[in-house]
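Engineer:
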Amino acid sequence: MQNFLSKNFKTLLAIAIVLNATALFTGVFTGDSALYADVAKSMAQKNDWLNLFAYGHDWLDKPHFPFWMTALSFKVFGINAFAYKLPAFIFWLIGLYYSFRLATNIYGKAIAQATVLIDAIALHGVIANFDVRAEAYLAALIIAAIYFIYRLLDSNSWEYYLGAALFAGCAVMTKGLFVLITILAGFILYWIIEKDWKQFIRPKWYLLLLLVLIAITPEMYALYTQFDLHSEKIVFGRTHVSGIKFFFWDSQFGRFFNTGPIKGKGDISFFLHTTLWAFLPWSIVLVFSLFKKSSSGNKRWIIIGSALVTFIVFSLSKFQLPHYIIILFPQFSMICAVYLLELKKEKTIKILSIVQQVIFYIAVVLIALLAYLIDIKTWLNILLVTVFLVIVFFVLRKKNKNCNIFYYSYAFAGILYLFMNLLFYPFLLTYQSGEKAAKDVDSMQNTTIGMVHYYSNDFRFSSKKPVAYLETFDSAETFLHRPSTVAFIRQPELDSLKMRNDNVKILKTYNDFHVTQLTLKFLNAKTRAQVLKKTYLISLQ
87 MQNFLSKNFK TLLAIAIVLN ATALFTGVFT GDSALYADVA KSMAQKNDWL NLFAYGHDWL
147 DKPHFPFWMT ALSFKVFGIN AFAYKLPAFI FWLIGLYYSF RLATNIYGKA IAQATVLIDA
207 IALHGVIANF DVRAEAYLAA LIIAAIYFIY RLLDSNSWEY YLGAALFAGC AVMTKGLFVL
267 ITILAGFILY WIIEKDWKQF IRPKWYLLLL LVLIAITPEM YALYTQFDLH SEKIVFGRTH
327 VSGIKFFFWD SQFGRFFNTG PIKGKGDISF FLHTTLWAFL PWSIVLVFSL FKKSSSGNKR
387 WIIIGSALVT FIVFSLSKFQ LPHYIIILFP QFSMICAVYL LELKKEKTIK ILSIVQQVIF
447 YIAVVLIALL AYLIDIKTWL NILLVTVFLV IVFFVLRKKN KNCNIFYYSY AFAGILYLFM
507 NLLFYPFLLT YQSGEKAAKD VDSMQNTTIG MVHYYSNDFR FSSKKPVAYL ETFDSAETFL
567 HRPSTVAFIR QPELDSLKMR NDNVKILKTY NDFHVTQLTL KFLNAKTRAQ VLKKTYLISL
627 Q
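Numbering (the working numbering), first residue to last: 87 to 627.
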């Protein structure tokens with residue numbers, strides 16, 4: 087397999103990068119992605135790099151780092167979906183780079199190459215390049231921090247101190263203090279296994295922690311100026327809310343113990359079954375690797391410990407979302423790479439080769455069924471069928487079972503991710519009415535716009551004009567009585583407004599569906615109309 091990797095690494099990596107890059111040229115889902123894009127849009131337009139606003143109010147939820155990166159991108163490339171996704175894509179590439187460097191230092195070049203090829207096409211990682219959230223940044227920042235700390239084990243170079251502090255600090259400013267668990271857990275476990283107790287009292291590690299604290303001072307300052315200096319602000323329905331306390335406690339331990347303002351319901355098995363689909367096409371390889379003792383030495387526990395401890399923390403947490411698991415993909419990929427490169431049993435190689443073939447053919451069948459079900463009519467269907475046939479031929483002509491593990495996995499990626507990013511996701515976006523309505527409003531000259539009882543993130547982000555939030559029907563009527571005003575509204579709110587005012591005029595009507603919560607009725611073209619909802623642009627006559 088080492089010869090295969092050395093010959094095909096650059097080609098397969100280029101394929102993976104192109105597949106992921108196709109996500110850059112489509113829109114943004116109306117959920118968290120559009121919300122985060124709108125928060126960064128406000129930052130860029132106001133040149134206010136300290137305060138975060140959402141829905142017209144002070145927003146205390148996520149740290150600043152991803153919004154700083156996105157706002158900078160907006161400044162350079164304009165406010166659009168491409169500029170929103172580009173920084174996350176760049177950080178994804180940075181994550182691959184530092185995964186390669188870390189794996190090279192611990193295991194050698196061949197395992198490093200396998201690590202990158204595995205990580206580059208993991209399903210939820212590819213999804214994260216389309217539906218961008220904080221985890222797209224976080225995975226890269228964490229693995230980069232681990233790399234620099236690893237180099238500090240045998241060096242006191244300031245290059246490694248600064249690299250570790252910078253990446254760890256940015257990771258903390260992306261998701262909070264818990265990320266230090268993922269960064270440090272593997273090293274702590276490694277020292278315990280090695281019985282290297284002196285590491286726990288070495289001044290260098292406390293110096294590093296001090297540098298990390300210095301690195302996060304921009305976040306502390308921003309939170310302090312927006313919230314701690316203004317106790318009169320109403321946040322989470324109350325005053326005297328400390329942004330710094332929320333950052334250090336409520337957003338982390340509050341979610342873990344379910345005592346903070348943002349609550350959830352935990353399931354200890356949630357990330358077990360999430361990993362099985364999110365890490366496709368490699369999840370079965372990962373399962374196999376758990377039952378094989380590696381001969382790569384105790385330093386492997388730096389990677390295993392990081393993944394294991396974080397996975398346990400995630401599983402015990404009361405607040406769980408599928409995309410959280412993405413931050414462990416570099417570690418999972420390294421574990422799989424070590425397993426595959428050390429694999430000698432012909433029987434196991436044959437089994438895994440068959441497994442990857444089955445995953446590939448299941449993907450082909452499901453994509454064909456889904457394309458038929460949703461009734462996509464586009465020339466890209468012809469292109470995809472051609473791609474399918476080329477890939478199938480390419481795969482079937484390979485005889486080496488060891489290499490087929492990678493060939494079938496990349497065939498899976500080629501088929502699924504082209505379908506997702508070029509056909510399926512664009513199809514879903516046509517049922518997000520907010521973006522369509524924003525384009526229509528932007529074409530209306532000298533018009534002031536608002537939203538009635540409805541926070542459409544994609545409408546707000548896509549609109550080139552300021553959007554007023556009309557939280558009551560009284561405020562909506564007052565707004566619409568002004569000249570040249572238009573409001574975006576859903577059917578229930580429109581019905582209520584019509585009961586109060588007979589002069590409501592419908593300017594545009596749109597079909598709408600919450601595309602991040604798909605149902606079979608929506609996917610089926612024959613029953614889709616039954617579940618579509620209506621949204622409107624309205625004015626008063």
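Think of the CB as a built atom: it goes at the ideal place given N, C-alpha and C, for glycine as much as any other residue.
Apart from the five residues just before and just after glutamine 249, which ones in its own chain have a Cβ nearer than 6 Å to its Cβ?
Structural biologist: One point to set straight first is that residue 249 is glycine, not glutamine, in the sequence displayed. If we look at glycine 249 and ignore the five residues flanking it on each side, its Cβ neighbours are Phe234.
Engineer: What are the start and end residues of each continuous alpha helix (DSSP H) run of 4 or more residues lying completely inside the region 564-622, in chain order?
Structural biologist: 577-586, 606-609 and 614-617, all fully within the region 564-622.
Engineer: Compare the C-alpha of isoleucine 274 against each of Thr558, Trp178, Leu376 and Ala393 and name the closest.
Structural biologist: Cα-wise, what sits closest to isoleucine 274 is Ala393.
Engineer: Using three-state DSSP, classify histidine 359 as helix, strand or coil.
Structural biologist: Note: histidine 359 maps to helix in three-state DSSP.
Engineer: Between Ser328, Lys148, Ser375 and Leu121, which lies nearest to tyrosine 170 when the distance is taken from Cα to Cα?
Structural biologist: Here the closest residue by C-alpha is Leu121.
Engineer: Let me confirm a value: leucine 299 is counted as buried when at least 16 other C-beta atoms fall within 10 Å, else exposed. Which label applies?
Structural biologist: Per the 10 Å Cβ criterion, exposed.
Engineer: Can you give the Cα-Cα distance for isoleucine 207 and alanine 107, rounded to whole angstroms?
Structural biologist: About 12 Å.
Engineer: Suppose the cutoff is 7 Å on Cβ atoms and the five residues either side in sequence are ignored; what does the same chain contact list for phenylalanine 111 look like?
Structural biologist: Correct list, in chain order: Phe168.
Engineer: Nearest to threonine 516 by CA position, among Val371, His600 and Pro552, is which residue?
Structural biologist: Of Val371, His600 and Pro552, the residue nearest in Cα terms is His600.
Engineer: Just the Cα atoms here: how many angstroms apart are leucine 266 and isoleucine 389?
Structural biologist: Each residue's alpha carbon lies about 14 Å from the other.
Engineer: Span of the beta strand (DSSP E) holding leucine 556?
Structural biologist: Where leucine 556 is concerned, the enclosing beta strand (DSSP E) stretches over 553-556.
Engineer: May I have a chain-ordered list of the alpha helix (DSSP H) segments no shorter than 4 residues that lie completely inside the region 409-434?
Structural biologist: Counting whole runs of 4 or more residues, the region 409-434 contains the alpha helix (DSSP H) stretches 415-428.
Engineer: Can you tell me whether DSSP reads arginine 187 as helix, strand or coil?
Structural biologist: In this structure, arginine 187 counts as helix in the three-state DSSP scheme.
Engineer: Just to confirm before moving on: does the CB-CB distance between leucine 358 and alanine 301 stay below 7 Å?
Structural biologist: No; because the gap between Cβ atoms is not below 7 Å, this pair is not in contact.
Engineer: Going by C-alpha to C-alpha distance, which of Thr602, Leu438, Leu623 and Glu521 sits closest to lysine 550?
Structural biologist: That would be Glu521, whose Cα lies nearest to the Cα of lysine 550.
Engineer: Valine 258 bridges to which residues according to DSSP?
Structural biologist: DSSP, once it has assigned bridges, lists no residue as partnering valine 258.
Engineer: Under 7 Å Cβ to Cβ from leucine 182, same chain only, skipping five residues before and after it: list those, please.
Structural biologist: Only Val202, Asp205 and Ala206 meet the Cβ criterion.
Engineer: Taking buried to mean at least 16 other C-beta atoms within 10 Å of its own C-beta, is tyrosine 622 buried or exposed?
Structural biologist: Its Cβ being crowded by 16 or more others within 10 Å, tyrosine 622 is buried.
Engineer: Under the three-state reduction of DSSP, which class applies to serine 625: helix, strand or coil?
Structural biologist: Three-state result, serine 625: strand.
Engineer: Taking buried to mean at least 16 other C-beta atoms within 10 Å of its own C-beta, is glutamine 577 buried or exposed?
Structural biologist: By the neighbour-count rule (16 or more Cβ atoms within 10 Å), glutamine 577 is not buried but exposed.
Engineer: Going by other Cβ atoms of all chains shown within 10 Å of its Cβ, with 16 needed for buried, is leucine 138 buried or exposed?
Structural biologist: The residue is buried, with at least 16 neighbouring Cβ atoms inside 10 Å.
Engineer: Look at the alpha carbon of asparagine 610 and the alpha carbon of leucine 509, and state the distance between them as a whole number of angstroms.
Structural biologist: For asparagine 610 and leucine 509, the distance between alpha carbons rounds to 16 Å.
Engineer: Taking the straight line between their C-alpha atoms, what separation do you get for isoleucine 330 and glutamine 338?
Structural biologist: C-alpha separation (whole angstroms): 12 Å.
Engineer: Could you check what DSSP says for alanine 364 in three-state terms: helix, strand or coil?
Structural biologist: Three-state result, alanine 364: helix.
Engineer: Hey, could you find the ends of the beta strand (DSSP E) threonine 534 is sitting in?
Structural biologist: That run of the beta strand (DSSP E) goes 534-538.
Engineer: By Cβ distance, which residues of its chain are closer than 6 Å to leucine 613, with the 5 residues on each side in sequence left out?
Structural biologist: For clarity, residue 613 is threonine in the given sequence; the question names leucine instead. Counting only Cβ-Cβ distances below 6 Å, and skipping sequence neighbours, we find Lys607.
Engineer: So, is threonine 434 buried or exposed, given that buried needs 16 or more other C-beta atoms within 10 angstroms?
Structural biologist: With fewer than 16 Cβ atoms within 10 Å of its Cβ, threonine 434 is classed as exposed.
Engineer: Go through its chain and collect everything with a Cβ distance to threonine 116's Cβ below 7 Å, but skip five positions before and after it.
Structural biologist: These residues qualify, in order along the chain: Gln518, Gly520, Ser542, Asn543 and Asp544.
Engineer: On the DSSP bridge list, what partners appear for valine 399?
Structural biologist: BP columns for valine 399 are empty, so no partner.
Engineer: Hey, how far is the Cα of isoleucine 445 from the Cα of tyrosine 496?
Structural biologist: Their Cα atoms are separated by approximately 11 Å.
Engineer: So, are the CB atoms of valine 321 and serine 380 less than 7 Å apart?
Structural biologist: Not closer than 7 Å, so no.
Engineer: Tell me whether the beta-carbon of phenylalanine 565 lies closer than 7 Å to the beta-carbon of threonine 558.
Structural biologist: No, the Cβ-Cβ distance between phenylalanine 565 and threonine 558 is not below 7 Å.
Engineer: Pick helix, strand or coil for alanine 140, following the three-state DSSP scheme.
Structural biologist: Residue state, collapsed to three classes: strand.
Engineer: So, for phenylalanine 418: in the same chain, excluding its five sequence neighbours on each side, which residues have a beta-carbon less than 7 Å away from its beta-carbon?
Structural biologist: So the list reads Phe365, Leu372 and Ala393, once near-sequence residues are dropped.
Engineer: Pick from Phe505, Phe153 and Phe313: whose alpha carbon is nearest that of alanine 222?
Structural biologist: It is Phe153 whose Cα lies nearest to the Cα of alanine 222.
Engineer: Beta-carbon within less than 6 Å of alanine 271's beta-carbon, same chain only, minus the 5 sequence neighbours each way: which residues are those?
Structural biologist: Same-chain partners within the cutoff: Gly391, Ser392 and Val395.
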